[in-house]
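Asks:
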Amino acid sequence: MAEAARRIQLPPRSEYRVELEANEALSVRFISEGSGNYGDAEVFGAPLIGGSQERWYTFGNEAKFAFSSWGGAELELVGTASTEYMADEPSPTYTYDTNLHLNLERARIRAREQLRSDKSLVQSLKDSDVSQNNDPPNYDDPKATFSSELYTAAGQGPRVMVVGSKCAGKTSLVKFLANYAMRSPALASIEEGTRNTKKTQIEKEEDLDDDDDDDDREETTNPAVPADGEELSEITGWWPMIVALDPSEGAVPMPGCLSAIPLRPTPINCLPSPSPALPYGVTPQTTGALPPTVSTAESVMPLVHWLGKQNVSENERHSRRVIDHLAYQVEKRMVKDARARMSGLLLDMPGVTTSDSRSRYSYIQYCIRAFKIDTVIVVGHEKLNLELTKLFSGNASQNPVQVVKVPKSGGVGELTDTGRGAGRNLSTKTT
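Those letters in the sequence shown? Residues 1 to 431, per UniProt numbering, in order.
1. On the DSSP bridge assignment, give the partners of I364 in chain order.
2. So, V18 versus A81, is the Cβ gap smaller than 8 Å?
3. Between P265 and the rest of its own chain, which residues show a CB-CB distance below 6 Å, the 5 nearest in sequence each way excluded?
4. How is the beta strand (DSSP E) around Y328 delimited, first residue to last?
5. Counting pairs of Cβ atoms below 8 Å between the segment 7–22 and the segment 70–79, do you hit three or more?
6. Would you identify the three-state DSSP class for A168, choosing helix, strand or coil?
7. Since A107 is in the alpha helix (DSSP H), which residue starts that stretch and which ends it?
8. Go through its chain and collect everything with a Cβ distance to G256's Cβ below 8 Å, but skip five positions before and after it.
9. Suppose the cutoff is 7 Å on Cβ atoms and the five residues either side in sequence are ignored; what does the same chain contact list for Y328 look like?
10. T431: buried (16+ other C-beta within 10 angstroms of its C-beta) or exposed?
11. Going along the chain, which residues of its own chain have a beta-carbon closer than 6 Å to the beta-carbon of M301, five neighbours each way excluded?
12. Where P350 and E33 are concerned, what is the direct C-alpha to C-alpha distance, given to the nearest angstrom?
13. Between the segment 318–336 and the segment 365–382, do at least 3 Cβ pairs fall closer than 8 Å?
14. Spatial neighbours of V78 within its chain, please: CB distance less than 7 Å, with the 5 preceding and 5 following residues excluded, ordered by chain position.
15. Helix, strand or coil for T197 per DSSP?
16. Which class does D348 belong to by DSSP, given the choice of helix, strand or coil?
17. By Cβ distance, which residues of its chain are closer than 6 Å to E331, with the 5 residues on each side in sequence left out?
18. Measure the beta-carbon distance from Y361 to E387 and round it to whole angstroms, keeping in mind my assumption that it falls under 8 Å.
19. What is the DSSP secondary structure of V412, reduced to helix, strand or coil?
20. Between the C-alpha atoms of A188 and G411, what's the straight-line distance to the nearest angstrom?
21. Whose C-alpha, out of K336, S165 and A340, is nearest the C-alpha of G157?
22. Please say whether R108 and A186 have beta carbons closer to each other than 8 Å?
23. Using a 10 Å radius around the Cβ and a threshold of 16 neighbouring Cβ atoms, would you call N99 buried or exposed?
24. From what residue to what residue does the alpha helix (DSSP H) around T236 run?
25. On the three-state DSSP scale, how would you describe Q123?
26. Please check the pair V243 and F371, which I expect to be a contact at CB under 8 Å, by giving their CB distance rounded to whole angstroms.
27. With distances taken Cα to Cα, identify the nearest neighbour of V160 among K390, I377, N399 and G394.
28. Tell me whether D214 sits in a helix, a strand or coil according to DSSP, three-state version.
29. Just the C-alpha distance for residue 440 and S355, rounded to the nearest angstrom, thanks.
30. Using the C-alpha atoms, what's the distance from L102 back to V163?
31. Let me know if P407 comes out buried or exposed under the rule of 16 or more other beta-carbons within 10 Å of its beta-carbon.
32. Suppose contacts are defined by Cβ-Cβ distances below 8 Å. Is G155 in contact with L115 by that definition?
33. Would a check of beta-carbon distances place E21 closer than 8 Å to chain C?
34. When you compare the CB positions of F44 and S184, do they come within less than 8 Å of one another, or not?
35. So the candidates are S343, V352, D348 and K336; which of them puts its Cα closest to the Cα of S313?
36. Who are the Cβ neighbours of I8 in its own chain at under 7 Å, not counting the five residues just before and after it?
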């Protein structure tokens, strides 16, 4: 017997939350208004697309996600979900998440302008020799300097690390920031471009007084679209790189790995995967074709290092050496790929534990040094925020670190050990 369809109305800046259990699936599509307008809705920053083809989106794999909307929309849902409700609080997408994106957007634009104005820097990067297979530096000594390092601060986009406890919404925030970066109307090119003369909303704001403090400004328009509805004539969007450093999750291609995932705004300018088994997309070489009943996931081509552990603390010395090699390969990519360089990094870290506190968060500090992180986002963890702020407040090194705290979303789903195991089984195609 076919399941009855139901409709929900998403008010502007609202969030409709859904949690699926095993063997549950949910399909959704837009309902057009009388004027032909479909409204807007997105999942973790990835937009749903409405149109005459009546496109359906199917979610499964015990996904936990939310539909959010800037201007409102009507959706039709078919299927069962153990939990679904309209949040009674403003969606974090339109408060601190968007403000974080705007700050990162400004940093990317500054990096782009630096590369555009300094031709000698661009030439020196082109002339850099990254073909040698040198041993990467070891970052155990915080004060050590390394002649073999490829890193230079000039022309670097934001390098962001997201930390917090388990089930804090770290991966969701990383996906949101990545999706909004790829959907940006900015042009990620060191060339000015002959046809692209119009400015995005962020670039227009850069022309205003830089001393204005607008961190708490409430956004009224979607920053992932051109200003004043202007159309840009060239391919737009940033090319960020996600670095997944939590081996317990089902990151590509499978659990037990540490991965660097370069993203690009073409052919799809988003990473549409709400599945906990496929948080950052799939690799066709290892996972094969996806069944039609699972959530849509973008195909990615990551650099993967096998760790062989679910927890980095099981052998932290080995984990740090794997980090050394991964960071060194990422740096080689940043030297030769100007688009990735100005777009920056997004690091998804394991959940912190009590033992991390006793060691003064040594693993976090090590990853910050290895990947040259300049911004640490702490999700819903006041103690961690205070201790990291104290650690880096007196940092007089060449790479100062800014610590930013954001609240944990009320829609974050709690995962038990059984649930985490089920997600790992799904990502490796076991039962």
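All C-beta atoms in this analysis are idealised placements derived from N, C-alpha and C, irrespective of residue type, glycine included.
Replies: To lay it out plainly:
1. Numbered from 1 along the sequence shown, position 364 holds the residue referred to as residue 364. Under the DSSP definition of a beta bridge, I364 lacks any partner.
2. Sequence index remark: in the sequence shown, residue 18 carries index 18 (1-based). Sequence index remark: in the sequence shown, residue 81 carries index 81 (1-based). Closer than 8 Å, so yes.
3. Locating residue 265 in the sequence shown gives position 265, counting from the first residue. Cβ within range, chain order: M182 and G237.
4. Locating residue 328 in the sequence shown gives position 328, counting from the first residue. DSSP places Y328 in no beta strand (DSSP E) but in the uninterrupted alpha helix (DSSP H) bounded by E316 to K336.
5. Segments in contact, yes.
6. For the purposes of this step, residue 168 is identified with residue 168 of the sequence shown, where counting begins at 1. If DSSP states are grouped into helix, strand and coil, A168 belongs with coil.
7. For this step, residue 107 is matched to residue 107 along the sequence shown. A107: member of the alpha helix (DSSP H) spanning Y96 to S117, first to last residue.
8. Counting from one through the sequence shown, the residue named residue 256 turns up at place 256. Within the same chain, Cβ atoms closer than 8 Å to the Cβ of G256 are found at P247, W306, L307, G308, K309 and Q310, the five residues on either side in sequence being excluded.
9. Here residue 328 refers to the residue found at position 328 when the sequence shown is read from its first residue. Taken in chain order, the residues that qualify are P136.
10. Sequence index remark: in the sequence shown, residue 431 carries index 431 (1-based). Confidence in T431 is poor, its pLDDT being 38 and thus under 50, which makes the residue's placement unreliable; the coordinate value appears in the next sentence. It is exposed - the Cβ of T431 has fewer than 16 other Cβ atoms within 10 Å.
11. Indexing the sequence shown from 1 puts residue 301 at position 301. Closer than 6 Å at Cβ, skipping near neighbours: no residue.
12. Here residue 350 is taken as the residue at index 350 of the sequence shown, counted from 1. Here residue 33 is taken as the residue at index 33 of the sequence shown, counted from 1. Approximately 43 Å, taken between the alpha carbons.
13. Yes, the segment 318–336 is in contact with the segment 365–382.
14. Translated into positions along the sequence shown, residue 78 becomes position 78. The beta carbon of V78 is closer than 7 Å to those of E3, A5 and S27 in its chain, skipping five residues each way along the sequence.
15. The residue you call residue 197 lines up with position 197 of the sequence shown. Low confidence applies to T197: its pLDDT is 43, below 50, so where it sits in the model is not reliable, and the reading given next is rough at best. Secondary structure of T197 (DSSP, three-state): coil.
16. Mapped onto the sequence shown, residue 348 falls at position 348. Looking at D348 - three-state DSSP - the assignment turns out to be strand.
17. For the purposes of this step, residue 331 is taken as the residue at position 331 of the sequence shown. Here E331 has L150 and Y151 as same chain residues with Cβ atoms under 6 Å from its own Cβ, once five neighbours each way along the sequence are excluded.
18. Position 361 of the sequence shown, counted from the first residue, corresponds to residue 361. Position 387 of the sequence shown, counted from the first residue, corresponds to residue 387. Separation of the CB atoms of Y361 and E387 is rounded to 7 Å, and the pair is thereby assigned contact status at 8 Å.
19. Residue mapping note: residue 412 aligns to position 412 of the sequence shown, counting from 1. In this structure, V412 counts as coil in the three-state DSSP scheme.
20. Working through the sequence shown from its first residue, we reach residue 188 at position 188. Working through the sequence shown from its first residue, we reach residue 411 at position 411. Here the alpha carbon of A188 sits roughly 33 Å from the alpha carbon of G411.
21. Counting from one through the sequence shown, the residue named residue 157 turns up at place 157. For G157, the closest of K336, S165 and A340 by C-alpha to C-alpha distance is A340.
22. As a first step, residue 186 must be located in the sequence shown, where it is residue number 186. As a first step, residue 108 must be located in the sequence shown, where it is residue number 108. Yes, they are a contact pair.
23. Here residue 99 is taken as the residue at index 99 of the sequence shown, counted from 1. Buried is the call here.
24. Within the sequence shown, numbered from 1, the residue matching residue 236 stands at position 236. Note, T236: premise wrong, no alpha helix (DSSP H); not H, not E.
25. Your numbering for residue 123 matches position 123 in the sequence shown. DSSP places Q123 in helix when its eight states are reduced to three.
26. Here residue 243 is taken as the residue at index 243 of the sequence shown, counted from 1. Here residue 371 is taken as the residue at index 371 of the sequence shown, counted from 1. Indeed, because the Cβ distance is near 7 Å, the residues count as touching under 8 Å.
27. Here residue 160 corresponds to residue number 160 of the sequence shown, with the count starting at 1. Just measuring C-alpha positions, the residue of K390, I377, N399 and G394 sitting nearest V160 is I377.
28. Against the sequence shown, residue 214 aligns to sequence position 214. At D214, the pLDDT of 48 sits below 50, so the modelled position is not reliable; the number obtained from the coordinates is stated separately. In this structure, D214 counts as coil in the three-state DSSP scheme.
29. Any question about residue 440 goes unanswered here, given that the chain covers just 1 to 431.
30. For this step, residue 163 is matched to residue 163 along the sequence shown. For this step, residue 102 is matched to residue 102 along the sequence shown. Computed Cα separation, rounded: 20 Å.
31. Residue numbering aside, residue 407 sits at position 407 when the sequence shown is read from its first letter. By the neighbour-count rule (16 or more Cβ atoms within 10 Å), P407 is not buried but exposed.
32. Indexing the sequence shown from 1 puts residue 155 at position 155. Indexing the sequence shown from 1 puts residue 115 at position 115. Going by C-beta atoms, G155 is nearer than 8 Å to L115.
33. Here there is only one protein chain, and chain C is not present.
34. Taking the first residue of the sequence shown as position 1, residue 44 is located at position 44. Taking the first residue of the sequence shown as position 1, residue 184 is located at position 184. Between F44 and S184, the gap from beta carbon to beta carbon reaches 8 Å or more.
35. Numbered from 1 along the sequence shown, position 313 holds the residue referred to as residue 313. Distances from the alpha-carbon of S313 to those of S343, V352, D348 and K336 put V352 closest.
36. Position 8 of the sequence shown holds residue 8. Excluding five sequence positions before and after I8, the CB atoms of its chain that fall closer than 7 Å to its own CB belong to Y16, L75 and L77, given in chain order.
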